Amino acid sequence: MFFAVLSLLVALVAGSFIILQRFGEFTAVRWSAIVGVNCVVALQTLSGGTLLKTVVTPDVFVLVLVVAGYAVVQLMQGDPV
1 MFFAVLSLLV ALVAGSFIIL QRFGEFTAVR WSAIVGVNCV VALQTLSGGT
51 LLKTVVTPDV FVLVLVVAGY AVVQLMQGDP V
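Written out as structure tokens, the structure reads:
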């Protein structure tokens, strides 16, 4: 289930990026909000409703690290998350 949720998350995030670019509505803040909401929904799905307990699970911790790593890279490049 983890890989299915992760695959769907990647598809939604990439799709939203492409759609926002095509319509000329892309901003880092708007896209970051979409990514954040999708991540929270993915975490809730994987947790079965208990978000805090899920963050500690090894499978989801990888997802949290990926999102946190993305935020750090964006901040280092000077593009505010």
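Taking full-length UniProt numbering, I'd label the letters of the sequence shown as residues 1 to 81.
Quick reminder that beta carbons are idealized off the backbone N, C-alpha and C, glycines included.
All figures in this text were calculated on a predicted structure; none of them were measured in a lab.
I need the straight-line Cα distance from residue i to residue j, nearest angstrom please.
| i | j | result |
| --- | --- | --- |
| Ser-16 | Ile-34 | 8 Å |
| Gly-69 | Gly-48 | 25 Å |
| Glu-25 | Ile-19 | 8 Å |
| Val-41 | Arg-22 | 25 Å |
| Phe-3 | Leu-12 | 14 Å |
What would DSSP say about residue i, mapped onto helix, strand or coil?
| i | result |
| --- | --- |
| Phe-3 | helix |
| Phe-23 | coil |
| Thr-50 | coil |
Is the separation between the beta-carbon of residue i and that of residue j shorter than 7 Å?
| i | j | result |
| --- | --- | --- |
| Leu-51 | Leu-43 | yes |
| Thr-45 | Val-10 | no |
Residue i: buried (16+ other C-beta within 10 angstroms of its C-beta) or exposed?
| i | result |
| --- | --- |
| residue 90 | Residue 90 is absent from the model: the chain starts at 1 and stops at 81. |
| Val-73 | exposed |
| Val-37 | exposed |
| Val-67 | buried |
| Val-60 | buried |
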